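Novice: Start counting the sequence shown at 112; every next residue gets the next number (this note's numbering).
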Amino acid sequence: MILACIGAGCSTTGQVRQSIGVETVTSDKALAFPPPGGPAIINVVERRHGKDVEQTIALSTSSSVSGQNFLKVQFQGITGPNPGFGSRPFDTISDRVIVREMAAAIPGVRLARSATFVQNSYGPFGYASGQSRAGDTCLYAWQQVKAGFAPQQEQRNFGMVQVRIRLCDAHASERELLSTVYGYTIAGHFAGAALNPFGAPRGADAALGKPGEPVYPDAVPYRTAPISIGYQPTPVTMRPTIRHRPVVIQPQPQAAPALPPMIGPRVPLPDGGNEPSQINGGSGASSSAAPLPANTASNIVVPLPDCNGATGISQGCR
Numbered sequence: 112m113i114l115a116c117i118g119a120g121c122s123t124t125g126q127v128r129q130s131i132g133v134e135t136v137t138s139d140k141a142l143a144f145p146p147p148g149g150p151a152i153i154n155v156v157e158r159r160h161g162k163d164v165e166q167t168i169a170l171s172t173s174s175s176v177s178g179q180n181f182l183k184v185q186f187q188g189i190t191g192p193n194p195g196f197g198s199r200p201f202d203t204i205s206d207r208v209i210v211r212e213m214a215a216a217i218p219g220v221r222l223a224r225s226a227t228f229v230q231n232s233y234g235p236f237g238y239a240s241g242q243s244r245a246g247d248t249c250l251y252a253w254q255q256v257k258a259g260f261a262p263q264q265e266q267r268n269f270g271m272v273q274v275r276i277r278l279c280d281a282h283a284s285e286r287e288l289l290s291t292v293y294g295y296t297i298a299g300h301f302a303g304a305a306l307n308p309f310g311a312p313r314g315a316d317a318a319l320g321k322p323g324e325p326v327y328p329d330a331v332p333y334r335t336a337p338i339s340i341g342y343q344p345t346p347v348t349m350r351p352t353i354r355h356r357p358v359v360i361q362p363q364p365q366a367a368p369a370l371p372p373m374i375g376p377r378v379p380l381p382d383g384g385n386e387p388s389q390i391n392g393g394s395g396a397s398s399s400a401a402p403l404p405a406n407t408a409s410n411i412v413v414p415l416p417d418c419n420g421a422t423g424i425s426q427g428c429r
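1) Please name the residue, chosen from Q242, D247, Q273, G161, that lies closest to W253 on a Cα-to-Cα basis.
2) Are at least three pairs of beta-carbons, each pair with one atom in the stretch 218-230 and one in the stretch 305-324, less than 8 Å apart?
3) DSSP state of D280, grouped into three classes?
4) Hey, quick one: how far does the beta strand (DSSP E) through E165 stretch, first residue to last?
5) Touching or not, the stretch 138-154 and the stretch 234-243, by the rule of three or more beta carbon pairs under 8 Å?
6) Verify whether the separation of the beta carbon atoms of G108 and G188 is less than 8 Å.
7) Figure out for me which residue from Q361, S284, V256 has the closest Cα to the Cα of Q230.
8) So if DSSP puts M271 in a beta bridge, which residue, or which two residues, is it bridged to?
9) Going by the DSSP bridge assignment, what does S177 pair with across the sheet?
10) Give the range of the alpha helix (DSSP H) segment to which V292 is assigned.
11) Pick out whichever of P362, V164, Q126 has its Cα sitting closest to the Cα of V133.
12) Using a Cβ-Cβ cutoff of less than 7 Å, which residues in the same chain neighbour D247 once the five nearest sequence positions on both sides are dropped?
13) Where P192 and T203 are concerned, what is the direct C-alpha to C-alpha distance, given to the nearest angstrom?
14) Can you grab the Cα-Cα spacing for the pair F186 / E324, in whole Å?
15) For the beta strand (DSSP E) containing A239, list its first residue and its last residue.
16) By a C-beta neighbour count over all protein chains shown, 10 Å radius and 16 as the cutoff for buried, is P357 buried or exposed?
17) On the DSSP letters alone, give me the boundaries of the alpha helix (DSSP H) that E212 sits inside.
18) Drop a sphere of 10 angstroms on the beta-carbon of Q166, count the other beta-carbons inside from all chains shown, and report buried for 16 or more, exposed for fewer.
19) Do I297 and V184 count as a contact pair if the criterion is CB distance below 8 Å?
20) With DSSP as the reference, identify every bridge partner of Y327, one or two as the case may be.
21) Using 10 angstroms around the beta-carbon of I360, count the other beta-carbons present and answer buried if the total reaches 16, otherwise exposed.
22) Whose CA, out of A151, I168, G148, lies closest to the CA of T135?
23) Is it buried or exposed for L250, if we count other Cβ within 10 angstroms and need 16 for buried?
24) Have a look at R354 and P371 and give me their C-alpha separation to the nearest angstrom.
25) Note down the Cα distance separating G299 from V208, rounded to an integer number of angstroms.
26) Over what stretch of residues does the beta strand (DSSP E) that includes T135 continue unbroken?
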């Protein structure tokens with residue numbers, strides 16, 4: 112027995128093998144794609160559980176929040192003795208599961224769940240959004256694509272697709288991130304018709320081909336206002352009104368009349384008052400003269416008659 116155990120131990124090679132069911136596939140084999148224009152696909156990691164497939168599609172990230180943007184899609188069948196219907200049970204969406212997923216996908220960011228009902232091409236979905244301390248906008252969305260209830264005996268519409276989207280960006284707004292949830296495309300499908308998660312295809316509009324239901328090329332209403340046929344009224348030309356403001360003329364100040372200049376010697380007044388000011392004829396401006404001293408007997412000089420002759424002042428007048 113001991114020798115058999117020793118022999119068995121010596122026969123092991125100790126080689127490490129890759130786990131079965133986990134591999135990286137090319138981007139063209141992704142089961143879901145973001146909308147045209149981004150975010151771009153970085154790589155695709157695929158995990159298989161029996162007949163079920165799960166892909167985590169890594170998307171380009173421009174954010175300081177730790178983590179990677181991703182689009183995760185799970186194609187799940189049903190449990191049962193038939194292995195063709197899948198090997199994993201249904202994963203229902205609960206509040207606890209979503210809270211754990213958000214905390215793991217976007218750590219350190221407080222997200223608030225939206226109470227508004229929203230719906231994309233695959234049905235209703237839920238999302239939560241918030242901002243980090245650095246101002247980055249983050250969004251986490253979840254959706255379960257499943258057909259309506261079908262009886263067990265019909266053996267159809269048993270499949271289900273679970274979708275998770277994690278997005279954080281330093282420049283995008285919540286509305287821009289939400290456009291990715293509206294625009295993504297599911298490219299995969301189940302091989303069996305019994306696992307179709309989308310249900311029966313929707314029929315045509317009941318208004319098609321029905322009398323009394325006009326169909327227009329666009330949503331703009333037609334002929335809502337009366338149309339003038341054969342008569343086109345002349346358009347009224349509106350001329351701008353010109354308003355004239357009254358001109359206000361300000362009165363000019365009246366200048367004082369100019370007096371002729373004084374000619375001859377200045378004669379003192381008899382009462383000893385001040386002399387009148389001399390007016391310059393050239394400029395017409397008056398200048399104030401300094402007051403003269405009072406006339407007394409000692410300072411009054413009367414010129415002699417012969418001192419004002421034509422020959423000038425004589426020797427006796429000096």
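Backbone N, C-alpha and C define an ideal beta-carbon position, used for all residues, glycine too. Remember, it's a predicted structure, so these values are computed and weren't measured experimentally.
Specialist: Let me lay it out:
1) Q273
2) no
3) strand
4) 163-170
5) no
6) Summary: the structure shown does not reach residue 108, with the chain confined to residues 112 through 429, and so no result is reported for it.
7) V256
8) Q187, K257
9) S177 pairs with nothing; no bridge assigned.
10) 285-294
11) V164
12) S174, S175, V176, C279, D280, A281
13) Note that P192 scores 45 on pLDDT, short of 50, meaning its location in the model is unreliable; the coordinates nonetheless yield the value given after this. Computed Cα separation, rounded: 21 Å.
14) 41 Å
15) 234-242
16) exposed
17) 206-216
18) buried
19) yes
20) In DSSP, Y327 forms no bridge with anything.
21) exposed
22) I168
23) buried
24) 51 Å
25) 25 Å
26) 133-136
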